[in-house]
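K.L.:
Numbering (the numbering used here), first residue to last: 159 to 540. All C-beta atoms in this analysis are idealised placements derived from N, C-alpha and C, irrespective of residue type, glycine included. The structure under discussion is supplied below as structure tokens; questions concerning it will follow.
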Amino acid sequence: MNFHELPGISPEILRAVEDMGFSQMTEIQEKAIPVMMSGREIIAKAPTGTGKTCAFGIPLIQRADLKNSPWIQAVVLCPTRELCTQIVDELRALAKYTSGLRVAAVYGGQSMGPQIEALKKNPQIVVATPGRLLDHMKRRTIQIGKATTVVLDEADEMLDMGFFKDVRKILDSLPKKQQMVMFSATISREVMDIGWLYQRDAEEITVRPVEESRPRITQYCCCTTGRKRFEDLLAILKKEELDRVLIFCNTKYNTSMICDMLTRRGIPAQCIHGDMIQKDRNRVMAKFKEGGIPVMVATDVAARGIDVTDIDAVVNYDFPQDNETYVHRIGRTARARKEGVSYLFYAADERTRLKNLIRYTRFDISPVSVTEDGTVSPVEEL
């Protein structure tokens, strides 16, 4: 379905959508936008990279009162600073031609001053991480008591990170008749509890990763360890001549070490992890999005915060902590109906974990070895 077929969408929003390079709606957009526009509540389960921000962003902007309501009308809650800034960027792009629509970001790791100044300009939409939003509420620098819509994006991740009580405090401070919309990759126990407590007759939407909509990712796994693991990584990067690669490590130490080793071997790389100050994280992220950095090494703090449509490959340098993490990591490539490739490095004693991962995801992950010249060759079995 084409965006122009949506009833009640302004020409300004449609023009912005065209500028963003979109014409056909994704399944979650086609299912969620009309329901949200009607004022009904939603609990949506959809894979990562399916266009959820537009699915809730278009109704938020379309339904905003830009003349008679100089207060916060919608609150979007998300788990990480990176995702917060990504959502704000996309909402501002959607509102490019909607005069008077203001969006503010509220997240930790940045001083209160700039955020307070942004809030003084009376934004209609606020995108926030729960902890920092509560800080502003305690300081009385933000008033959300008149907000009529609240969106929980990546709800499972947010609630799994220990924000359950914070989210409840925020929801309890909103009007009882607000429209509540939840988007989640999985419907966890915590997501179900929030829905049961705060939603009324919510429309349930499920977008299944069927073959035609499943991201087209060619997946490889390679048994390698020690110094050979880094040499295999280096060989792949040089052989494939990939323009933009995201490498995941489990620890901040490994992230910094791999980044330094790549740089010393002539591969331009930068890293991002939780110990970096927000200004530096934003700078690295912006440079990666613009194509100024071909390789970025990251901890999972970036797994759900990166929305770059042309990442060629994802490398799991360290075996993911759990199966869901693997799905979220490789979901950074093959976005916007493009193709991608992923590599999963594992040690011999992680073979059982790998088999469990394949059984859980039902992904076709081909076992390979890497030669010195970077050629990826199939091996018979795990």
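Looking only at C-alpha atoms, which of Gln231, Arg487 and Ser257 sits nearest to Val403?
P.N.:
Among Gln231, Arg487 and Ser257, the Cα nearest to that of Val403 is on Arg487.
K.L.:
Beta-carbon within less than 6 angstroms of Lys445's beta-carbon, same chain only, minus the 5 sequence neighbours each way: which residues are those?
P.N.:
Around Lys445: Ile451.
K.L.:
To the nearest angstrom, how far is it from the Cα of Glu176 to the Cα of Leu218?
P.N.:
Near 18 angstroms, if we compare the C-alpha coordinates of Leu218 and Glu176.
K.L.:
Which same chain residues, not among the five before or five after Asn280, have their C-beta less than 6 angstroms away from its C-beta?
P.N.:
Hits under 6 angstroms: Pro228.
K.L.:
Just the C-alpha distance for Asp390 and Thr382, rounded to the nearest angstrom, thanks.
P.N.:
Approximately 8 angstroms, taken between the alpha carbons.
K.L.:
Buried or exposed for His294, going by 16 or more other Cβ atoms inside 10 Å?
P.N.:
Looking at its Cβ environment, which holds 16 or more other Cβ atoms inside 10 Å, His294 is buried.
K.L.:
Please report the straight-line C-alpha distance between Ile430 and Asn226, rounded to a whole angstrom.
P.N.:
So the two alpha carbons sit approximately 42 angstroms from each other.
K.L.:
Please classify Pro165: is it buried, with 16 or more other beta-carbons within 10 angstroms of its beta-carbon, or exposed?
P.N.:
The residue in question, Pro165, is exposed, as its Cβ has fewer than 16 Cβ neighbours within 10 Å.
K.L.:
Which first and last residues belong to the beta strand (DSSP E) in which Cys380 is found?
P.N.:
Looking at the DSSP string, the run of the beta strand (DSSP E) that includes Cys380 is Arg374 to Cys381.
K.L.:
Under the three-state reduction of DSSP, which class applies to Glu199: helix, strand or coil?
P.N.:
Glu199: coil per DSSP, three-state reduction.
K.L.:
Cα separation between Glu370 and Leu277?
P.N.:
Any reading at Glu370 must be qualified, since the residue scores a pLDDT of 45, below 50, and its modelled position is unreliable; no value is offered.
K.L.:
When the Cβ atoms of the region 293 to 308 are set against those of the region 248 to 257, are three or more pairs found closer than 8 angstroms?
P.N.:
They do not touch, by the three-pair rule.
K.L.:
Going by Cα to Cα distance, which pick from Phe521, Val193 and Ile167 is closest to Met338?
P.N.:
Looking at the Cα atoms, Val193 is the closest of the given residues.
K.L.:
Which residues in the same chain as Gly498 place their Cβ atom closer than 6 angstroms to its Cβ, once the five residues preceding and following it in sequence are excluded?
P.N.:
Cβ within range, chain order: Ile375, Thr491 and Ala492.
K.L.:
When you compare only the Cα positions, how much space is there between Val264 and Ile328?
P.N.:
Those two C-alpha atoms are separated by around 14 angstroms.
K.L.:
Which of the three DSSP states is assigned to Met443 in this structure?
P.N.:
In the structure shown, Met443 sits in a helix (DSSP, three-state: H, G or I).
K.L.:
Going by beta-carbon coordinates alone, are Asn474 and Ser500 separated by less than 9 angstroms?
P.N.:
Contact: yes.
K.L.:
Taking 8 angstroms as the cut-off, is the CB of Ile405 close to at least one heavy atom of the ligand FAD?
P.N.:
The ligand content of the structure shown is nil, which means the ligand FAD is not present either.
K.L.:
If I'm right that Thr299 touches Ile283 with Cβ under 8 angstroms, what's the distance once you round it to whole angstroms?
P.N.:
Actually they are not in contact, since the Cβ atoms of Thr299 and Ile283 sit about 17 angstroms apart, beyond 8 angstroms.
K.L.:
If you count every other CB in all the chains shown that lies within 10 Å of the CB of Gln244, and 16 or more means buried, which is it?
P.N.:
When all chains shown are included, Gln244 counts as buried.
K.L.:
Helix, strand or coil, according to DSSP, for Ala427 in the structure here?
P.N.:
Looking at Ala427 - three-state DSSP - the assignment turns out to be strand.
K.L.:
Classify Ser257 as helix, strand or coil using the three-state DSSP reduction.
P.N.:
Coil.
K.L.:
Using the C-alpha atoms, what's the distance from Glu448 back to Asp531?
P.N.:
Their Cα atoms are separated by approximately 29 angstroms.
K.L.:
With a 10 Å radius around its C-beta and 16 neighbouring C-beta atoms as the bar for buried, classify Leu355 as buried or exposed.
P.N.:
Burial call: exposed.
K.L.:
Would Val285 and Val261 qualify as a contact pair, given that the criterion is a beta-carbon distance under 9 angstroms?
P.N.:
Cβ distance < 9 angstroms, so Val285 and Val261 count as in contact.
K.L.:
Specify the secondary structure class of Ile328 as computed by DSSP and reduced to three states.
P.N.:
It is helical.
K.L.:
Would DSSP call Gln273 helix, strand or coil?
P.N.:
In this structure, Gln273 counts as helix in the three-state DSSP scheme.
K.L.:
Tell me which residues share the same chain as Phe477 and place their Cβ nearer than 6 angstroms to its Cβ, disregarding the 5 neighbours each side in the sequence.
P.N.:
So the qualifying residues of the chain are Tyr504 and Glu508.
K.L.:
With 16 as the cutoff for other CB atoms within 10 Å, does Gln479 come out buried or exposed?
P.N.:
Per the 10 Å Cβ criterion, exposed.
K.L.:
How should Gln377 be labelled, buried or exposed, when 16 other C-beta atoms within 10 angstroms of its C-beta is the threshold for buried?
P.N.:
Its Cβ being crowded by 16 or more others within 10 Å, Gln377 is buried.
K.L.:
At what residues does the beta strand (DSSP E) containing Ser527 begin and finish?
P.N.:
Segment Ile523 to Val528, the beta strand (DSSP E) holding Ser527.
K.L.:
Quick one, are the C-beta atoms of Asn408 and Asp458 less than 9 angstroms apart?
P.N.:
Cβ distance < 9 angstroms, so Asn408 and Asp458 count as in contact.
K.L.:
Could you tell me whether the Cβ atoms of Cys379 and Ser535 are closer together than 9 angstroms?
P.N.:
For Cys379 and Ser535, no; Cβs fall outside 9 angstroms.
K.L.:
Just reading off the beta strand (DSSP E) that Ser168 is part of, what are its end residues?
P.N.:
No beta strand (DSSP E) holds Ser168; DSSP gives it neither H nor E.
K.L.:
Mapping the DSSP letters down to three states, classify Glu497 as helix, strand or coil.
P.N.:
In the structure shown, Glu497 sits in a strand (DSSP, three-state: E or B).
K.L.:
Which same chain residues, not among the five before or five after Glu538, have their C-beta less than 6 angstroms away from its C-beta?
P.N.:
Closer than 6 angstroms at the Cβ level, and outside the excluded window around Glu538, lies no residue.
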